[in-house]
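The opening position of the sequence shown corresponds to residue -19 in our numbering, with each subsequent residue numbered one higher. For every residue, glycine included, the Cβ atom is placed at its ideal position computed from N, Cα and C. Since the structure is predicted, the reported quantities are computational estimates derived from the model, not experimental observations. Worksheet: the structure to be examined is printed underneath.
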Amino acid sequence: MDVQNEKMLTLEKFEEAAKKVKEVTSETKLIYSDFFTKETGNQVYLKPENLQLTGAYKLRGAYYKMSTLSEEDRNKGLITASAGNHAQGVAYAAKCYGAKATIVMPVTTPLIKVNRTKSHGAEVVLHGNVYDEACEKAYELAAEHGYTFIHPFDDLTVATGQGTVAMEIFDELPDVEYILVPIGGGGLATGVSTLAKLKNPNIKVIGVEPAGANCMQESIKNGQVTTLPKVNTIADGTAVKTPGTKLFPYIQQNLDDIITVTDEELAVTFIDMVENHKLICEGSGLLTIAATRKLDVQGKKVVSIISGGNMDVIAMSSIVQQGIILRDRIFTVSVLLPDRPGELSKVTGFVAAQKGNIIKLEHNQFVSINRSAAVELQITLESFGYEHKMQIMDALEKGGYQPKLVRVNI
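If you want it as structure tokens, here you go:
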């Protein structure tokens, strides 16, 4: 089937949507990244949809969808399921049109997304541990109350609205060669890849999924929509078990490849974005940035779509902690030393001489029966990175100790 001939995802419809969404979207101009350009050997540009009014691109699809509904359908009340970003988009769009909105969200949704959805006037129902369970509940409520259901991704009108991201990319960078787009259910990837191929059939559009929620990658591999038994990722906005059935043919035809990214890679990328671009990106928003390091090309013009930036401070503190550990900026080393006066001072002196900053010491006298021969000292400290860490380890070894790295516990 040639999905390009379908009535919905046409260049005319994308242009209509692009004009409509300008009524509510902020201008998110491309940011050239010196840091990721040097890291990857490609010319890397960031499309910062995390700077939208609702903190994510989802407002585009929700608002465009709302504009196509009849007044009768809007007056019935609107309902959707979402892990947070589509929720805010629908809530805000509903407020613009004076419609009532009910949003079903997983109980694991970050508090910031719940509160911001409520702040736009929507009623929030918390149900299920993942998006798919919340979606089942939303369908039940829609049937019970006669609400108009707006699917967060498996809807061609919504996907058309999301594709306006690509329209803006081409307006700014007509000779873009690669676009990296995150995938949850596939709405953004469908809109972006379909429009991109309409504008330039030679462009490469690469989807990016969490390694722990790669439902689209599995579906492509199996040649049919596939449901994962479970999902496990810090990228909650893309923690989807089953991709969109209506969207799947478009993904098959227009997406060139799919890259997966681990949670550890996301944590490190969060640190890179904060330190180098002063941007807060949620887990799903970090996917395409992390994937710039996995592209097997050089010298290409690459645009990475940052899908959102809605992250609560608890999640943020956790990802910062893990990121600096993975960057070797904090590590724990264990050494054995005799239990006698002066030994602790001697060891910490070696660390201080290398400008290591000790943040915690744990002295275990019961590691050996003969504690006068050996007690364990665990030192947790800050360093400037991997090379500095190894300098400290080397200094301890030269000082007569046998340092061993152990799991950080701070």
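Using 8 Å as the threshold, is the C-beta distance between residue i and residue j below it?
| i | j | result |
| --- | --- | --- |
| L168 | Y37 | yes |
| I11 | L26 | yes |
| M85 | A73 | no |
| A122 | F129 | yes |
| S284 | L160 | yes |
| L227 | S173 | no |
| Y111 | K56 | no |
| T144 | A332 | no |
| L267 | T222 | no |
| L324 | L376 | no |
| N308 | Y381 | Position check: residue 308 holds Asp in this sequence, whereas Asn was assumed. The answer is no: Cβ separation not under 8 Å. |
| K9 | S47 | no |
| M373 | V313 | yes |
| A271 | I251 | no |
| G224 | Q142 | no |
| K98 | V104 | yes |
Please confirm whether any heavy atom of the ligand ADP lies closer than 7 Å to the CB of residue i.
| i | result |
| --- | --- |
| L235 | Summarising the ligand content, the structure contains no ligands, and the ligand ADP is consequently not present. |
Using only the alpha-carbon positions, how far apart do residue i and residue j sit?
| i | j | result |
| --- | --- | --- |
| M296 | I260 | 9 Å |
| E113 | A63 | 11 Å |
| S363 | Y158 | 36 Å |
| K258 | L31 | 12 Å |
| K93 | P321 | 54 Å |
| L341 | K384 | 15 Å |
| R54 | A81 | 9 Å |
| V388 | V300 | 14 Å |
| Q334 | H368 | 8 Å |
By the three-class DSSP mapping on this structure, what secondary structure does residue i have?
| i | result |
| --- | --- |
| D236 | coil |
| A191 | coil |
| A61 | strand |
| K177 | helix |
| E157 | coil |
| P321 | coil |
| M(-12) | coil |
| A(-3) | helix |
| Q358 | strand |
| Y12 | strand |
| Q23 | strand |
| N337 | strand |
| K45 | helix |
| N344 | strand |
| V331 | helix |
| V172 | helix |
| P162 | strand |
Count the other C-beta atoms from every protein chain shown that fall within 10 angstroms of the C-beta of residue i, then say buried if there are 16 or more, exposed otherwise.
| i | result |
| --- | --- |
| N(-15) | Residue confidence for N(-15) is low, a pLDDT of 42 falling below 50, so the modelled location carries little weight; the figure read from the coordinates is stated next. N(-15) comes out exposed. |
| E189 | buried |
| V87 | exposed |
| D(-18) | In this prediction, D(-18) has a pLDDT of 43, which is less than 50 and means its spatial position is unreliable; nothing more can be read from the coordinates. |
| I186 | buried |
| A278 | The residue asked about is misnamed: residue 278 is Gln in this sequence, not Ala. By the 10 Å Cβ count, Q278 comes out exposed. |
| G336 | buried |
| V248 | buried |
| S50 | exposed |
| D155 | exposed |
| R96 | buried |
| E(-5) | exposed |
| E29 | buried |
| H100 | buried |
| F15 | exposed |
| T207 | exposed |
| Q197 | buried |
| L91 | exposed |
| M370 | exposed |
- Item | Complete alpha helix (DSSP H) runs within the segment 89 to 140 (minimum length 4 residues, chain order) | Within the segment 89 to 140, complete alpha helix (DSSP H) segments of at least 4 residues are found at 91 to 99, 111 to 125, given in chain order.
- Every unbroken beta strand (DSSP E) within the segment 271 to 317, with a cutoff of 3 residues, ordered by chain: Fully enclosed beta strand (DSSP E) runs of 3 or longer: 281 to 286, 310 to 317.
- Message: As an exercise, report each continuous alpha helix (DSSP H) stretch of at least 4 residues that is fully enclosed by the segment 239 to 266, in chain order.
- Response: 243 to 257, all fully within the segment 239 to 266.
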